[in-house]
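Per the numbering used here, the sequence shown starts with residue 214, numbered consecutively.
By construction, the Cβ of each residue, glycine as well, lies at the ideal position given by its N, Cα and C atoms.
All values derive from a computational prediction rather than experimental measurement.
Structure record follows, encoded as structure tokens.
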Amino acid sequence: MASRLAVETIQKHFREARDNADLPLIGDYDRQFSVKTNRLASAIRLANQVIRREAKDQTGQEGMGTTVVSVAFNGPVLSIAHVGDSRIYLVRGEEIKPLTADHSLVAEQVRRGMITEEEAERSPQKNIITRALGVDETVDVELDEISLMQGDGILLCSDGLTRGVKPAEILDAIRREKEPQAASDRLVELANAAGGLDNTTVVLVAVQDTSSPGPWQRVWKWLLS
């Protein structure tokens with residue numbers, strides 16, 4: 214329920230902002246980033262409020278929460294916002310690059326040099342996340358922006374994929390399959406074969422033309438296993 218509320222709230226907030234440019238932002242404006250990136254952060258903060266309210270009002274939903282990754286396209290610039298350990302990857306040529314850093318206990322330990330990535334994978338604490346929607350009254354949304362090129366691929370995925378499938382395997386699956394739907398199906402198959410530890414959500418987006426002022430991206434597939 215929390216993930217559904219997050220998606221619905223973010224979409225609604227963006228629709229309202231499209232129709233009303235003066236729609237107030239939730240939270241502080243970060244001058245490092247564009248209006249669209251700040252709007253993403255605002256939408257996620259609003260989703261946090263909605264989830265907490267529903268958890269309080271709905272019987273049996275106490276303590277519900279979710280992670281979130283989100284992107285918005287603004288010409289050749291990609292706005293990025295995320296909370297938790299779901300991930301966004303850039304697929305460019307023969308390389309795959311993470312665009313987000315996990316908000317998890319072991320990921321933070323790796324970044325501080327306390328443990329290695331191999332130790333993090335074996336750690337009994339690897340499923341402990343340090344940020345999520347619905348947990349606290351306010352949420353710290355991590356933001357970024359990157360420049361896109363024609364032919365880039367953007368992958369948004371839940372940890373159901375990344376817990377068992379390495380980035381190199383993800384890249385190989387995308388490159389081997391000629392059709393986007395087949396690539397998405399293959400990624401979910403790989404996640405299930407690796408143990409299917411969690412629901413797997415995969416969104417693949419192909420960059421068609423960064424010069425077009427209109428919608429130039431094509432969503433390949435959204436899958437829930």
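The beta carbons of S371 and V290 sit no closer together than 8 Å. A407 and D235 have their alpha carbons spaced roughly 47 Å apart. The Cβ atoms of I367 and V418 sit closer than 8 Å to each other.
CA-to-CA, the gap between S292 and D357 works out to about 6 Å.
DSSP, read as helix, strand or coil, puts I387 in helix.
R228 counts as exposed, since fewer than 16 other beta carbons sit within 10 angstroms of its beta carbon.
Looking from the CA of V220, the closest CA among A285, I257, G306 belongs to I257.
For S255, the CB contacts under 7 Å within the same chain, skipping 5 residues up- and downstream, are H226, L238, I239, G240 in chain order. C-alpha of F246 to C-alpha of S283: approximately 15 Å in a straight line. Shortest Cα-Cα distance from N261 to any of D243, A230, G297, R324 involves G297. Nearest C-alpha to T313 among P380, R389, E355: E355. Under DSSP, E229 forms no beta bridge with any residue. For L312, the secondary structure class from DSSP, reduced to helix, strand or coil, is coil.
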